[in-house]
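The numbering of the sequence shown is our numbering, which starts it at 80 and goes up by one. What follows is a set of notes on a single structure, which appears directly below.
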Amino acid sequence: MTVRRVRTSWPAILIVGAVLVAGCHTTPPAGQTLPVLVSPAPSPGLPAPKRTAAPTARTDEAADNAVDRVIAISIDGLNPRAIRKLGQSRTPAFQRLMREGAYTVNARTVREQTLTLPNHVAMVTGRRVDDKHGGHGYTDNLDNGRTVHQAAGHYIASVFDVVHDNGGSTALFASKIKFTIYKRTWNAHGGPDRVGRDDGRAKIDRSTIDGDNTRLVANLTAELRRSPREFTFVHLSLPDRVGHSRGFMGKQYLDAVEHTDRLLGRILDTVAARPALRRHTLVLLTADHGGSGGQTHYASNNLQNYRIPFMAWGPGVAAGRDLYDLNPDYRNPGASRSSYRGKQPIRNADLANLATDALDLPRVPGSEFDSSHALNVFR
Ligand SMILES: [Zn+2]
């Protein structure tokens, strides 16, 4: 995203506060524009109109995208073909995301692997896997009892760090016990496994791990109503679970995607029903891998495994737009797997910095994907 905005949440308030204290004695340097607070415009529904900057501000720099919360949803093992196959009647929530949001059904995993944990670590760190090229280094698909920092040999920052260290609050809702790796890595430790820049503070303020997807979403929606965080990461696992036991893209798998659509619908309805959420929440949705025609998704050179969806929904998001049409700096990879050279496809690992960008925060330190905040989902 290239359009910058004036925040109406705490950083702008802090800046304005500093100006009020110091403003009696100083004037801003030539060329420096003071931030101007803009009142949110009432909106009956999504997508809300983008707030515009005050006339004195540089409009290209200060247009407001209205987002001050991000809910990032990863659906484990979601082959985007399933959404098309099931259609409007059986996937109304996915269809709503595509109709009211910006999306592609031809995004990519990281190139190296189509496994759950390496891709999920990439989503929150904005890094590839290969640690010889700046990747996060976590190649195991199970919780090996260590941290991502230990896998890489140095501290690996995440979107949780950036949001937390800038005064925001973060939450994790995951449906597989192996997401303990997130908790162990980005929760307070400071003990013997302390690595690099680890300041010993928890970067994930609340975490819930529950293998019952329905109960997990009930917990999530209650939390969204009660005390929404600036960044919430949600992992839903039903399609992957059924894919492993009954085969990906088979009848039972498609039923699992339909069931997951209902859970997604509850999340979207919760956001849409509350103006305070609806006007300020960006929902992102992607997957760690797909899968088809078998009970695994481990071959990283198989299109059915490396092709995933990427969707964005919220105030100011370009409704119904294809993300590749919106982003000429990215290249639709067709059916190819895509290397890390040249124009990139949209990847699940773009999620971390799309979130920091939408929240008007700096990029995740050490990240590679969307580290220039170029990916745009807004009108
Ligand atoms: Zn799996």
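Ideal Cβ positions, reconstructed from N, Cα and C, are used throughout, including at glycine. This one's a predicted model, so the numbers in the text were calculated from it and none came from an experiment.
Between R345 and T300, the beta carbon gap of about 6 Å places them in contact (Cβ cut-off 8 Å).
When the beta-carbon positions are compared, A181 and V456 come within less than 9 Å of each other. DSSP places R325 in the helix class (H, G or I) of the three-state scheme. For H243, the uninterrupted alpha helix (DSSP H) run begins and ends at V238 to D244, by DSSP. At a threshold of 8 Å, G216 does not count as near ligand 1, since its beta carbon sits no closer than that to any of the ligand's heavy atoms.
Those residues that bring their Cβ nearer than 6 Å to a heavy atom of ligand 1 are G156, T195, D319, H323 and H376.
Approximately 6 Å separates the beta-carbon atoms of L315 and L342; this is inside 8 Å, confirming the contact. Residue range A181 to R187 is occupied by the beta strand (DSSP E) that includes N185.
Annotation for I425: T183, A186, F389, L402 and Y409 place their beta carbon closer than 6 Å to its own, counting only its chain and skipping 5 residues before and after. Taking 9 Å as the cut-off, the beta carbon of G213 is found no closer than this to the beta carbon of A428. Contact between the segment 151 to 164 and the segment 377 to 397 is established, with three or more Cβ pairs separated by less than 8 Å. With a cut-off of 8 Å on Cβ pairs, the segment 327 to 338 is not in contact with the segment 346 to 354, counting fewer than three such pairs.
Around the beta carbon of N406, a 10 Å sphere encloses 16 or more other beta carbons of the protein chains shown; the residue is thus reported as buried. Nearest to I283 by C-alpha distance, out of E309, D291 and R294, is E309.
Counting the other Cβ atoms within 10 Å of the Cβ of L454 gives 16 or more, which makes it buried.
Take L194, set aside five residues on each side of it, and the residues of its chain with a beta-carbon closer than 6 Å to its own are N220, in chain order. In the three-state scheme derived from DSSP, where H, G and I count as helix and E and B as strand, P388 is classed as strand. With distances taken between CA atoms, R175 lies nearest to L364 out of L364, Q423 and G445. Of the residues G445, H452, S417 and L440, the one whose Cα lies closest to the Cα of T188 is S417. The beta carbon of H243 is closer than 6 Å to those of T249 and K282 in its chain, skipping five residues each way along the sequence. Inter-residue distance for P441 and P197 is about 23 Å (C-alpha atoms, whole angstroms). R175 has no beta-bridge partner at all, per DSSP. Contact between the segment 287 to 294 and the segment 255 to 265 is present: 3 or more CB-CB pairs across the two stretches fall below 8 Å. Looking at the backbone, the Cα of T264 and that of T435 are separated by about 19 Å.
Secondary-structure assignment with DSSP links V396 through a beta bridge to F457.
Bounds of the beta strand (DSSP E) holding R285 are R285 to I288.
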